[in-house]
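These notes concern the structure reproduced below.
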Amino acid sequence: MNPSLQKQILSIASFSENEIETIDSCFEYEKCTTKEFLSSMGKISNKIFFIVEGLARVYYLKDGKEITTYLSCDDGFITSYSSFINQSVSFENIQCIEDCEMLSITFEKMQFLYNEIPNWERVGRILAEQNYLCMADRVLKLQMIPAKEKYQTFLASAPAKIIQRTPLIYIASFLGITPESLSRIRQDIS
1 MNPSLQKQIL SIASFSENEI ETIDSCFEYE KCTTKEFLSS MGKISNKIFF
51 IVEGLARVYY LKDGKEITTY LSCDDGFITS YSSFINQSVS FENIQCIEDC
101 EMLSITFEKM QFLYNEIPNW ERVGRILAEQ NYLCMADRVL KLQMIPAKEK
151 YQTFLASAPA KIIQRTPLIY IASFLGITPE SLSRIRQDIS
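Under the UniProt record's numbering, the sequence shown has 3 at position 3, and the numbering climbs by one with no breaks.
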């Protein structure tokens with residue numbers, strides 16, 4: 001099993017060597033290029049991706065504008081969670097910001113692991129809870145704090161790779177501010 005994925009999983013729950021082997025057999029290696037879509041609006045998001053190396057985002061379209069809702073990089077998970085959990089049509093796109101190496105697991109294999117390995121349910125629950133908390137925190141910040149504070153919080157909490165390598169237009173969208181406002185804030189801070 002990939003050491004980074006194993007570390008992430010073991011930080012959530014304990015598994016025997018046999019269970020780790022079973023879990024490992026449910027993940028597939030994938031390589032995607034910059035701008036490639038992992039999942040698209042109008043389709044069911046059937047996989048959770050663990051990014052071994054790379055950078056990706058989740059976004060939706062509103063009045064023709066791309067609204068970034070989630071950014072993930074090395075050692076992070078990414079999917080359209082509502083579509084994945086409900087196996088319903090997604091209103092989001094998942095796109096690589098740069099070339100990515102990933103491990104993916106399908107909805108069917110997640111269900112298989114839930115049935116075969118009791119502790120795997122803990123992994124699924126923690127991932128869902130983390131996603132919920134991330135989204136709830138983002139919504140709260142979008143509505144309640146000023147743009148400069150949003151950006152400073154982003155700088156303090158986001159992985160360095162996301163801060164340094166994500167195009168500013170995606171960061172501005174993620175923070176719910178215009179690219180021009182983000183440029184002014186960045187100048188103010190420097």
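Idealized CB from N, CA, C, for every residue including glycine.
Sort the options by Cα distance to residue i and report the nearest one.
i, options, result
"Q164", "Y81, E98, R138", "E98"
"Y59", "F84, I94, T79", "I94"
"L5", "L140, V123, I145", "V123"
"T79", "A128, L175, A13, A158", "A128"
"K31", "S16, A56, I12", "A56"
"K65", "E92, E53, T166, I44", "E92"
"Y132", "S82, E116, I171, E101", "S82"
"L61", "M41, E101, V52", "M41"
"S157", "M144, L175, P167", "L175"
"E36", "G54, I162, I105, C134", "G54"
"I185", "T34, Q8, A147", "A147"
"L38", "I171, F84, L10, D188", "F84"
"T34", "S173, I177, T166", "T166"
"P159", "D75, M1, F27, S16", "D75"
Give me whichever residues DSSP pairs with residue i in a beta bridge.
i, result
"R165", "Beta-bridge pairing links R165 to no other residue."
"residue 199", "Outside the shown range of the chain, which is 1 to 190, sits residue 199, and nothing can be said about it."
"M135", "M135 pairs with nothing; no bridge assigned."
"Y70", "V58"
"E53", "E101"
"V123", "Looking at the DSSP assignment, V123 forms no beta bridge with any residue, so it has no partner."
"E28", "S104"
Taking all protein chains shown into account, do 16 or more other C-beta atoms lie within 10 angstroms of the C-beta of residue i, making it buried, or fewer, making it exposed?
i, result
"I169", "exposed"
"L140", "exposed"
"S190", "exposed"
"M110", "buried"
"M102", "buried"
"S173", "buried"
Assuming residue i and residue j make a contact with CB atoms under 8 Å, what is their CB distance in whole Å?
i, j, result
"Q87", "F107", "6 Å"
"I12", "I117", "Incorrect: roughly 12 Å between the Cβ atoms, too far for contact."
"S90", "K43", "6 Å"
The segment 11-24 in contact with the segment 62-72 per 3-pair CB rule at 8 Å: no
Flag this pair as touching only if the segment 33-53 and the segment 144-161 have three or more C-beta atom pairs under 8 Å; answer yes or no. no
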